[in-house]
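There are 2 protein chains.
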Amino acid sequence: MSLRHALLALLTAEPMTGYDLVKYFDGTIANMWSAPHSQIYPELRRMEADGLIDVRVVPRGERAQKREYAVNENGVAALRTWQQELADYQPERDVYRLRSAHFELSTYDAARRQLTEHRNHYMKLLTDTRQFVADIEARRVPLLQQRLKQRPEGEHEAIIAFKLFAFRGEITKAEAEIAWAQEGLDLLDDLEQRGAPLFGEEPARDPWSLGPS
Amino acid sequence: MSLRHALLALLTAEPMTGYDLVKYFDGTIANMWSAPHSQIYPELRRMEADGLIDVRVVPRGERAQKREYAVNENGVAALRTWQQELADYQPERDVYRLRSAHFELSTYDAARRQLTEHRNHYMKLLTDTRQFVADIEARRVPLLQQRLKQRPEGEHEAIIAFKLFAFRGEITKAEAEIAWAQEGLDLLDDLEQRGAPLFGEEPARDPWSLGPS
DNA sequence: GTAGTCATGTAAGAGGTTACATGATTAG
DNA sequence: CTAATCATGTAACCTCTTACATGACTAC
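Those sequence lines, one after another, are chains A and B.
Here the working numbering is used: the first residue of the first sequence is 52, the next is one more, and so on.
Here the working numbering is used: the first residue of the second sequence is 52, the next is one more, and so on.
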């Protein structure tokens, strides 16, 4: 049910169309939550049907229209309730860690490619998130400005502090992943230099060939 | 398709029943990959149908039977192929980070409960994983012993090194999450002491009451 | 005998991915 | 006029969660 809450939370900053929400989910927040438009539009319709958001149909140009959604009191109540519930911790699924645990089935080359990709991915995330944190600190983020306008000044400090806190979590995580990937690349260099063989490096046997039986 | 590869990877250590695999997915590996039995049994049947694993029906007791699966050459080939492909990085979904970004909708109490839970969860993970790393280093892990028996001694070093590497990744991640949760708890204390109000602390207004319109 | 573990399934439904599909508007 | 952007959908398919279901075996 978190897509619903992610959408509600974004909409509390200001009324938006589905298209706007899609764009936010392609931006910096994508590392906390994301969804394709094929998931967002139907969910907005359901949220509307459930009475959590209100729609305003706005004309654009001559013929076209767009649907602008706003959170209503039920929506805010749903968000509060959500925050009061304790989220429990489910088992994770980490493809990259799973792969790395079985690199002996890979080749030095492929393992290195994967870890380099891992490092690059989290380096980009780190750079983007650091920039975004700087933008928040400088009050340069339009969505945050809108959000603050909705609330009394006394709450501004906490609102900003929580946004920064969340993104610092992403930064800490990215740094940890970069360090881990680097450690892996060093390990691969070390093992290869010392001539450690991998099963993955062996030429695959044709299952239908007549091997020594 | 990673459940399939997680199962194949476990089965390369030694032939196992679905039940055995379920148990491994409840143990330390649960933090890399996990699945309930309702997912495992049908997947094993599909893998069998796809010719990646072979079955041996073993009697147990008088009447009962069990199905013991073993990876065959096609299965090994599938694992190698999987390792050769570069896994791409998809947007993540992190409920805890999402919540934390909107703690202003929560109460100090509930936010603290959540972060304490976060810290406890990763502290347990950290302790368990450290213990497991120690067990691997001491060659005390039965599954790993079985795995090593399958392979020539020259490969042992790399196999062990990759297992340790993967679990050190989990440790690094757990440490990062613990530090983040602690930072959050400190932030909450600081904000509350300085009397910062939260929207979530305000009593909810009954949407149907006649408020000042 | 009975509780705990071993062992294996099915099924409904939620959530997510990928592809298909369409059309208006705006900036150059 | 043409490309990019704005805007909103549907549908098939896969994955995962949760619940329902069953029965044998083993240790006490």
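Every residue, glycine too, gets a C-beta built ideally from N, C-alpha and C.
Buried or exposed, going by whether 16 or more other CB atoms sit within 10 Å of the CB of Gly69(B)?
Translated into the one-based positions of the second sequence, residue 69(B) becomes position 18. With 16 or more other Cβ atoms within 10 Å, it is buried.
Met67(B) in three-state terms, based on DSSP:
Taking the second sequence and counting its residues from 1, one reaches residue 67(B) at position 16. In this structure, Met67(B) counts as strand in the three-state DSSP scheme.
Could you work out which residue in Gln196(A), Phe250(A), Ser151(A) is closest to Glu221(B) when comparing CA atoms only?
Taking the second sequence and counting its residues from 1, one reaches residue 221(B) at position 170. Looking at the Cα atoms, Ser151(A) is the closest of the given residues.
Alpha carbon to alpha carbon, what distance is there between Ala189(A) and Ala86(B)?
Numbered from 1 along the second sequence, position 35 holds the residue referred to as residue 86(B). Numbered from 1 along the first sequence, position 138 holds the residue referred to as residue 189(A). Distance between the alpha carbons of Ala86(B) and Ala189(A) is about 44 Å.
Interface residues of chain A around Leu242(B) at Cβ under 8 Å?
Residue numbering aside, residue 242(B) sits at position 191 when the second sequence is read from its first letter. Those within 8 Å of Leu242(B) in chain A are Glu208, Ala209, Ala212.
Pick from Gly78(A), Ala161(A), Leu58(A) that is closest to Gln182(A), judged by C-alpha positions
For the purposes of this step, residue 182(A) is taken as the residue at position 131 of the first sequence. For Gln182(A), the nearest C-alpha among the options comes from Gly78(A).
Which parts of the segment 171-236 of chain A are runs of the alpha helix (DSSP H), unbroken and 4 residues or longer, counting only runs that do not cross its ends?
193-201
Rounded straight-line distance, which links the Cα of Leu137(A) to that of Leu242(B):
Start at 1 with the first residue of the second sequence, and residue 242(B) comes out as number 191. Start at 1 with the first residue of the first sequence, and residue 137(A) comes out as number 86. Going by the C-alpha atoms only, they are around 21 Å apart.
Coarse secondary structure for Arg111(A), derived from DSSP in three states:
Counting from 1 along the first sequence, the entry for residue 111(A) is found at position 60. Coil, per DSSP.
Go ahead and label Ser157(A) buried or exposed: buried means 16 or more other beta carbons lie within 10 angstroms of its beta carbon, across all protein chains shown.
Here residue 157(A) corresponds to residue number 106 of the first sequence, with the count starting at 1. Classification for Ser157(A): buried.
Local Cβ density within 10 Å of Val146(A), reported as buried at 16 or more and exposed below that:
By 1-based counting over the first sequence, the position of residue 146(A) is 95. Buried.
According to DSSP, is Gln135(B) part of a helix, a strand, or is it coil?
Position 84 of the second sequence holds residue 135(B). Helix, per DSSP.
Alpha carbon of Glu208(B) to alpha carbon of Ala247(A), nearest angstrom
Against the second sequence, residue 208(B) aligns to sequence position 157. Against the first sequence, residue 247(A) aligns to sequence position 196. Those two C-alpha atoms are separated by around 7 Å.
Taking the continuous beta strand (DSSP E) assigned at Arg118(A), which residues delimit it?
The residue labelled residue 118(A) in the question sits at position 67 within the first sequence. Segment 116-122, the beta strand (DSSP E) holding Arg118(A).
How many angstroms separate the CA atom of Leu166(A) from the CA atom of Asp139(B)?
Mapped onto the first sequence, residue 166(A) falls at position 115. Mapped onto the second sequence, residue 139(B) falls at position 88. Using only the alpha carbons, I get a separation of about 11 Å.
Just checking my contact of Gly235(B) with Gln134(A) at CB under 8 Å: how many whole Å lie between their CB atoms?
Taking the second sequence and counting its residues from 1, the one referred to as residue 235(B) is at position 184. Taking the first sequence and counting its residues from 1, the one referred to as residue 134(A) is at position 83. That belief does not hold up - the Cβ atoms of Gly235(B) and Gln134(A) are roughly 14 Å apart, past 8 Å.
Specify, as a first and last residue, the run of the alpha helix (DSSP H) that Arg144(A) falls within.
Here residue 144(A) refers to the residue found at position 93 when the first sequence is read from its first residue. Careful: Arg144(A) lies outside any alpha helix (DSSP H) and carries neither H nor E.
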